[in-house]
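As numbered in mature numbering (1 follows the signal peptide of the UniProt record, and there is no 0), residues -21 to -1, 1 to 341 make up the sequence shown, in order.
A quick write-up on the structure given underneath.
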Amino acid sequence: MNKTKLSLIIMAALTSGSAVAAHTFFNDSGDSLTIDGRFEARYQDNGGDSEPVWNSGSSRFGLKGVKQLDNDWQGFGHAEWGYNSGSNGSDIYDRLLYAGVEHDKYGKIAAGTKQWSTFYDVAWFTDMGRTYGTRGSNVYNLSDLGISSGTGRAANSLTYRNNLGDLKYGFTYQTTRTDVGLAGDSTATLKNGIGASVLYPIAAGLTVGAAYHQNEITDINGVIDHFSTQNGDTARIGLVGLNYSSANYFLGMTFHTADSWEVVGKDTSAEFFDSRGGELYTHYHFNNGFRATFNANYMTETDGRAQGYERKTFTPGVEYHFTKNTFLLWAEYQFDEGKDKWNGAEFVNTDDKLSAGIRYYF
C-alpha cells in the first residue's frame, strides 16, 4: 500500500462517528472503529566493525473494527501496517490483515493473510523486549520471522478460539504457502500448517500455557545444511510457558522442543535441525516511572547435525515511562555468550549489541 492510500484511510477513520474514548469511534448502531499504533525512533550499535544506525524501530499503525450482528454475533476486522525509515529502508508494509465473527458461546473464528497464530498465544509470554529477546523459542524463524511457518503472524490462516470455563483453547490451520524464503537464498513449499494452544489461570495473575505447530515441507530448492530428511517430512515445534503479572511486576518463561525446525544459522544457507531452548523475560515498574527489565535466551541443537550451534544471550535494560506504557525512553544491552555466527568454518560468538529509543503508543 502506498502512503497516499494510507493517508486517506487515516483521514476517513478520524472523521467518522463520535469519539467516546481516546481513539475509538462509535456510530448509532454500536459499531466501532479503533485506531492504534506507535511511533518509535531507535538507535542501534551491533558491535564489531559495524557503524551505529538510526531507524524507525517497530513503528506501526492499525485499524480495528467491530460490527454488531444479529443473535448476539459480532463481526470484526483488523488491519495493521508497519513503517520503515532510516537504516530499515523506506516503505510501508502490511503486518496484519484478518476478519471474522465472534459469539460469547460459540467462540471466535478469523481468516486472514496475516494474523497472530494460536502458537503465539503462549510465545508472547517472553516476547516483551524492545529490540532483543525471543531468541530461544524459535517462534521467529524463516526469512520472514514466523509468518510463513505460522508461529508468529501466521500467513494464509484460519484460527478458532474459545473457552471451557477458565480454560482457553485455540486452533490454527494454514493453507499451502509456496516459494517460502528460508535462511539465505533457499526456498520451499509449506503445506498443512496445523497448530493448537491451551491456557489456564492457576492462581490470581498466574497463567500456564502450551502450544504446538507443524508444517509439511516440500519442493525444497537451494542449499539447506544439516537437513537429512526428504521432501514430504514434517517440521514440528512444541512450547510450554508460564506468566505472572501484577500492577508493577511481570514474569514470563517459555521452553520449546523442535524437530527439523529451521533457524537462521549460516549467512548463506538454511539450518534445519532438532533443538530445545528456553526464554525468560521479567520487569519491575517502580512508582517513579523507572522500569528495570531483563531477558535471557538459550537454544541448542539436539541431534548433532548443527556442529555445536548454540544461542545464549542475556539482556538487561532500563526504561523511563513519562506515562506508563504510553510514552517512554528505553535502552537494552545484549550480552552474547553463544556460538550462532558462521565464520565459514565453524559457529563462533556474536558481538554484544546496544539498542536505545523513544516510543509513543497512541
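All C-beta atoms in this analysis are idealised placements derived from N, C-alpha and C, irrespective of residue type, glycine included.
Item                                                                                                                                                                                : Value
Rounding to the nearest angstrom, what Cα-Cα distance links Gly36 and Asn142 in this structure?                                                                                     : 35 angstroms
Using CA coordinates, which residue listed in Asn194, Tyr179, Ile196, Glu195 is at the minimum distance from Gly188?                                                                : Tyr179
With distances taken Cα to Cα, identify the nearest neighbour of Gly256 among Gly283, Lys291, Glu241.                                                                               : Lys291
By Cβ distance below 7 angstroms, which residues in the same chain neighbour Ser64 in space, the five residues on each side in sequence not counted?                                : Asn34, Ser35
Is Ala285 helix, strand or coil by DSSP?                                                                                                                                            : coil
Can you tell me the Cα-Cα spacing of His192 and Asn25, whole angstroms?                                                                                                             : 32 angstroms
Within the same chain, show all residues whose beta-carbon is closer than 7 angstroms to that of Ala(-1), passing over the 5 residues directly before and after it, in chain order. : Interpretation of Ala(-1) is limited by its pLDDT of 48, a score under 50 that renders its predicted location unreliable; no figure is taken from the coordinates.
Just how far apart, CA to CA, sit Asp106 and Phe326?                                                                                                                                : 25 angstroms
Determine which residues share a DSSP beta bridge with Glu311 and list them.                                                                                                        : Gly296, Ser334
Roughly how far, in whole angstroms, is the beta-carbon of Thr151 from the beta-carbon of Ser136, given that I think they are within contact range, below 8 angstroms?              : 6 angstroms
At which residue ranges does the region 174 to 259 contain complete beta strand (DSSP E) runs of 3 or more residues, listed in the order of the chain?                              : 185 to 200, 213 to 224, 228 to 242
Since Gly16 and Arg39 should fall inside the 8 angstroms C-beta cutoff, what is the C-beta to C-beta distance between them, to a whole number of angstroms?                         : 5 angstroms
Check whether the region 74 to 94 touches the region 213 to 231, taking contact to mean three or more Cβ pairs, one atom from each stretch, closer than 8 angstroms.                : no
Taking just the CA atoms, how far does Arg21 sit from Arg109?                                                                                                                       : 10 angstroms
Just the C-alpha distance for Lys245 and Asp83, rounded to the nearest angstrom, thanks.                                                                                            : Because the pLDDT at Lys245 is just 41, under 50, the model does not fix this residue reliably, and the point stays unresolved.
What's the gap between the Cα of Asn67 and the Cα of Ala182?                                                                                                                        : 42 angstroms
Excluding sequence positions up to five away, which residues of its chain have a Cβ less than 7 angstroms from the Cβ of Tyr299?                                                    : Gly268, Phe269, Leu307, Leu308
Which runs of the beta strand (DSSP E) spanning at least 3 residues fall entirely within the region 19 to 80, listed in chain order?                                                : 32 to 34, 39 to 47, 53 to 63
Would you kindly work out how many angstroms separate the C-alpha atoms of Asn117 and His235, rounded to a whole number?                                                            : 8 angstroms
Output the boundary residues of the alpha helix (DSSP H) element that contains Ala102.                                                                                              : 99 to 102
Could you please give the first and the last residue of the uninterrupted beta strand (DSSP E) stretch that includes Ile126?                                                        : Neither: Ile126 is in no beta strand (DSSP E) and is coded neither H nor E.
In terms of residue numbering, what span does the beta strand (DSSP E) encompassing Leu146 cover?                                                                                   : 146 to 153
Gln153 and residue 346 - do their beta-carbons sit closer together than 8 angstroms?                                                                                                : Absent from the model: residue 346. The displayed extent of the chain is -21 to 341, so no value can be given.
Which class does Val327 belong to by DSSP, given the choice of helix, strand or coil?                                                                                               : strand
Since Glu280 is in the beta strand (DSSP E), which residue starts that stretch and which ends it?                                                                                   : 269 to 280
Helix or strand or just coil, what does DSSP make of Thr305?                                                                                                                        : coil
Which of the three DSSP states, helix, strand or coil, is assigned to Thr105?                                                                                                       : helix
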